[in-house]
Amino acid sequence: MSKKQLIRRLEELEKLTGRLALDIWKNPQIAYEETYASTVQKELLADAGFRLTDSVGDMETAFYAEYGEGYPIIGILGEFDALPGLAQSTKPYKDPVHANKPGHACGHHLLGTAGVEAVLALKQLIDDGQLTGTIRYYGCPAEEVLSGKTFMAREGVFHDLDCCLTWHPGTSNVVQNFSSQAMISIKYRFHGIPAHAAGAPHAGRSALDAVEIMNIGANYLREHLVDGTRIHYAITNGGQAPNIVPDEAEVWYYLRGANREQVEDMLARMHDIAKGAALITGTTTSHELLANCYHMLTNDTLNTLNYRNMENFPMQRFTSDEVAYSSILRKSMDPKLIEASRTELKLDSNDILPTKNFYDLSAKEKTMPGSTDVADVSWITPLASISTTCGPIGTQVHAWQATAVFGTSIGLKGMHYAAKIMALTAYDLFSEPALVEQAKTEFQQATADKPYRSGLDESVLAPGAVRKEQLI
Ligand SMILES: [Zn+2]
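Structure representation (structure tokens):
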């Protein structure tokens with residue numbers, strides 16, 4: 001009876017949250033600058049009676065909002081940052097509304113808003129006396145640079161949770177029973193001596209030479225790393241003009257591996273390469289750690305609950321107009337990528353907006369090639385994530401097609417479905433504490449000799465963060 005009431009409440013909220021998601025989609029802001037999304041979500045939740053804790057970890061856009069009292073404390077993670085340069089209208093062909101402006105090509109306007117929808121619906125059941133406990137929504141900045149939640153985690157704001165739920169927009173309804181890669185984001189800087197490149201090159205020491213030698217060292221390192229590890233870099237400062245020996249240069253690295261031990265081993269070797277490059281070129285080197293996130297830990301108990309709710313409450317089918325829109329959008333996509341996704345999920349070629357649910361038990365041993373700061377939370381409390389169909393099979397996130405479709409009714413349908421499943425699973429946890437304890441026992445066994453350890457020491461600050469002590 002009460003689950004029906006919960007669904008009714010979710011359906012009542014759909015207009016409001018649909019408007020909220022599209023409002024954020026129309027006002028995209030990149031990592032650590034998401035003041036618009038953060039403010040509108042905070043206002044809505046505060047007006048609904050949630051208690052607000054603002055500027056978590058000295059980050060202006062990080063917050064959490066909670067309702068209810070006592071055990072269990074169930075968290076729902078939201079995100080809202082956009083990606084630079086991926087602005088696009090909802091047209092199913094390339095139509096960048098504002099050149100070089102950000103766009104919601106990872107669907108985080110949906111991601112955060114689904115969480116808001118879920119907690120607002122659960123609040124109603126707490127008010128009605130049907131559920132007891134605390135529901136807490138986390139507004140998490142800067143997932144795209146893989147660090148917002150790691151700074152929040154360092155503040156300890158996830159440590160009292162009993163369980164935590166989240167999701168991500170995708171192209172199918174999947175229980176995310178797989179890991180993600182641990183990752184370190186770091187900038188190496190080299191400091192040399194400027195000189196006239198023709199008149200007095202002997203007087204100069206080139207910081208750019210050091211960057212280039214460091215990159216050669218890193219490329220040779222690849223051969224001697226564990227399979228599946230990844231090193232990517234971009235030269236973010238290579239000097240100003242060819243006739244000046246560059247005295248400052250910078251290279252930005254991402255190091256990825258199946259677990260934290262692998263990436264920290266890579267980091268130690270990269271530090272040595274940087275020192276070597278400095279020695280060879282007569283320069284000095286320094287570095288700045290920007291992010292250090294875990295690989296994901298899955299939880300069978302929570303995954304099973306999510307899947308059961310997905311099977312019991314199937315996704316609404318898409319309309320013929322939504323299928324027609326998707327068919328046009330897919331004309332701009334790589335047919336090989338579409339085919340690969342279709343084959344992986346064993347879908348018919350005409351099933352372009354799939355509504356069936358997938359839970360691959362064998363995926364537990366797999367690591368998806370990519371990283372997320374959600375993984376840090378998964379080492380603090382039992383956590384589960386799903387994805388839902390928010391775009392046609394073949395849509396790649398971080399591409400303009402994703403910005404387009406995530407701004408339509410297709411994206412909103414996926415968002416409402418994710419809100420429903422997270423709310424239903426939270427409902428199960430509130431009403432059956434034995435399930436919370438089962439998830440926690442499983443978590444404790446998996447982390448017994450591996451307590452959570454932040455990869456960021458106290459000297460590392462989030463961009464824009466100002467330590468409270470400095471403000472006094
Ligand atoms: Zn994302």
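Numbering of the sequence shown is given in UniProt numbering, commencing with residue 1 and proceeding in unit increments. We treat Cβ as the ideally placed atom computed from N, Cα and C, and that holds for glycine. Quick caveat: nothing in here was measured; it's all calculated off a predicted structure.
According to the DSSP secondary-structure assignment, lysine 187 is paired through a beta bridge with Trp252, Glu288. When the alpha-carbon of glycine 239 is set against those of Arg205, His159, Ala46, Lys364, the nearest one is in Arg205.
For glutamate 288, same chain residues with a beta-carbon under 6 Å away, outside a window of 5 residues either side, are Lys187 in chain order.
A direct Cα-to-Cα measurement between lysine 3 and leucine 131 gives close to 11 Å. For the 8 Å CB-CB criterion, glycine 107 and cysteine 293 do not form a contact. Counting only runs that start and end inside the stretch 326-395, the beta strand (DSSP E) elements of at least 3 residues fall at 383-389.
By the Cβ-count criterion, threonine 35 is exposed, with fewer than 16 other Cβ atoms from all chains shown falling within 10 Å of its own Cβ.
Taking each of Met183, Lys123, Asp162, Thr166 in turn and checking the Cα distance to valine 145, the smallest one comes out for Met183. DSSP, reduced to helix, strand and coil, places leucine 77 within a strand of the structure shown.
Relative to arginine 189, the option among Asn299, Pro246, Pro433 whose CA is nearest is Pro246.
Inclusion of threonine 284 and histidine 202 in the CB contact set at 8 Å is not warranted, their separation being larger than that value.
By the Cβ test, the stretch 147-163 is in contact with the stretch 364-379, since at least three Cβ pairs between them sit closer than 8 Å. Rounded to the nearest whole angstrom, the CA to CA distance from leucine 83 to isoleucine 135 is 29 Å. Within the chosen limit of 7 Å, ligand 1 does not reach the beta carbon of cysteine 293 with any heavy atom. Glutamate 79 is a Cβ neighbour of glutamate 143, given a cutoff of 8 Å.
In the three-state scheme derived from DSSP, where H, G and I count as helix and E and B as strand, phenylalanine 63 is classed as strand. If you ignore the 5 residues before and after leucine 435, its C-beta comes within less than 7 Å of the C-beta of Thr301, Leu305, Asp428, Leu429, all in its own chain and listed in chain order. Around the beta carbon of glutamine 444, a 10 Å sphere encloses fewer than 16 other beta carbons of the protein chains shown; the residue is thus reported as exposed. When Cβ pairs closer than 8 Å are counted between the two stretches, the stretch 335-353 is seen not to touch the stretch 446-464, the count staying below three. The three-state secondary structure of valine 145, taken from DSSP, is coil. Secondary-structure assignment with DSSP links alanine 234 through a beta bridge to Trp252. Sequence-distant partners of methionine 266 (beyond 5 residues in either direction) whose C-beta falls short of 6 Å from its own C-beta, in its chain, are Leu255.
Taking C-alpha positions only, threonine 113 is separated from methionine 415 by approximately 8 Å. Of all alpha-carbon atoms in Arg51, Gln124, Leu165, Gln181, the one lying nearest the alpha-carbon of valine 226 is that of Gln181.
Set against 7 Å, the gap from the CB of histidine 109 to the closest heavy atom of ligand 1 is not smaller. Between the alpha carbons of leucine 165 and aspartate 348 lies a gap of roughly 31 Å.
Bounds of the alpha helix (DSSP H) holding valine 119 are 108-127. When Thr171, Pro314, Lys275 are compared, the shortest CA-CA separation from proline 392 is found for Thr171.
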